[in-house]
Amino acid sequence: MPAASRGRIAQDKIHMEKGMKLGIALGGGGAKGFAHIGVLKALGQAGIEFDVVAGTSVGALVGAVYVAGKLPELERISRRYGVKDLPFLLGPTWPRKGLFSGNYIERLLNDIVRVENIEDLGKPFAAIAVDLNKAEVVTFTRGNLSRAVHASMSIPGLFKPVIDGDMILVDGGVLEPVPVNALRCLGADIVVAVDLLSNLSPISGGVKTRPVFVDYIRSLAEKFYMEDLIGAKDRENEIAMSLVDIIQRSSIIAQRRLTEYNFRDDTPDLVIDPPLSGIKVLDFHRGESIIEAGRQAAEEAIPELRNLLTRTCSR
3 MPAASRGRIA QDKIHMEKGM KLGIALGGGG AKGFAHIGVL KALGQAGIEF DVVAGTSVGA
63 LVGAVYVAGK LPELERISRR YGVKDLPFLL GPTWPRKGLF SGNYIERLLN DIVRVENIED
123 LGKPFAAIAV DLNKAEVVTF TRGNLSRAVH ASMSIPGLFK PVIDGDMILV DGGVLEPVPV
183 NALRCLGADI VVAVDLLSNL SPISGGVKTR PVFVDYIRSL AEKFYMEDLI GAKDRENEIA
243 MSLVDIIQRS SIIAQRRLTE YNFRDDTPDL VIDPPLSGIK VLDFHRGESI IEAGRQAAEE
303 AIPELRNLLT RTCSR
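Per the numbering used here, residue 3 is the first one in the sequence shown, and the count goes up by one each step.
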């Protein structure tokens, strides 16, 4: 066995023997969440596995699949998404409470994971949502897995909220974009956070091409007589700020500030932030390049993570 491989295995064994729990907090970001696949895959190949996982929004989806040991299956699916898949993926609905139903999330998770309840996953896992009724974070560590992940991914304005009793559940990123606190509560001693929203590309003028999903959104807008949803056709050379763009960018700005505040209060031991400034929330067709960005960011972070494990476990 190569010396490097022996070192990786020994290091992982140290934190297991000492009873140390290594946790990872997977943040939200829509299609940017494919980067989590690259991060987890690269760290796994380096011999680094996580004992505790918490996810917000798309981080909850990837985290659940990872804990279930089905990450390769999700990777295969994400690499073959195209713009033609968006109607099926999003599930358009009458826009009274949200543009999309998000029901595909539950179907996808059920097909891949085939585990009904969170407690049956085999490792501690948390999906983070927000209850609009009580204006507070809801941390799902038990109960129906697919429903919890669906709630965690219900971006306000884009997806319909998930109703659970008297709770009106929306995307966990509203209050906890990167769920470090949830990991601590689950018993993680060492926390790695993956922040997908640290890079924000500037708005540029003179845009001559629309995002690849816009034609689909336009057809939905015309169906519901909402032309302003994506902007009039004769304004393609202006700064592209449609309703979808405004919702997306406003949410990202707020979540970035909230993450900075939360990290000051509960600082993760290591932050991995893949370079995703050119990726939009609905760029699901760019899965391959997003996964690659996650892989590269994780590989750059591996030396620091190994040093962290060594220092912590030698105390």
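Beta carbons are placed, not taken as given, at the ideal position from N, Cα and C, and that holds for glycine.
In terms of CA proximity to Ala66, Met155 leads the group Met155, Ile281, Gly21, Arg81. In this structure, Leu123 lies near Val69, with their beta-carbon atoms less than 9 Å apart. With a threshold of 16 other beta carbon atoms within 10 Å, Pro305 falls short and is exposed. Bridge pairing for Thr58: Ile130 [DSSP].
A distance below 7 Å between beta-carbons, with the five flanking residues on each side excluded, links Phe52 to the following residues of its chain, in chain order: Leu24, Gly25, Ile26. Relative to Val54, the option among Ala195, Asp168, Glu108 whose CA is nearest is Ala195. Gln250 sits close to Gly32, with the two beta carbons spaced by under 9 Å. Of the residues Asn146, Gly21, Ala131, the one whose Cα lies closest to the Cα of Ala56 is Ala131. Annotated as proximal: Gly30 and Leu198, with beta-carbon spacing under 9 Å.
Around the beta carbon of Gln257, 16 or more other beta carbons lie within 10 angstroms, which makes this residue buried. Listed as beta-bridge partners of Asp197 by DSSP are no residues whatsoever. For the options Tyr263, Ile293, Glu77, Met169, the alpha carbon positioned closest to that of Val180 is the one of Tyr263. Short of 6 Å from the beta carbon of Val164, and not among the five residues preceding or following it, lie these beta carbons of its own chain, in chain order: His152, Ala153, Ser156, Leu171. Judged by their CB atoms, Lys72 and Val139 are not nearer to each other than the 9 Å cut-off.
Taking a 10 Å sphere around the C-beta of Asn119, we find fewer than 16 other C-beta atoms and assign the residue as exposed. Rounded to the nearest whole angstrom, the CA to CA distance from Ile255 to Gly174 is 15 Å. Among the bridge pairs identified by DSSP, Met169 is matched with Asp166. Within 10 angstroms of the beta-carbon of Arg266 lie fewer than 16 other beta-carbons, which makes it exposed.
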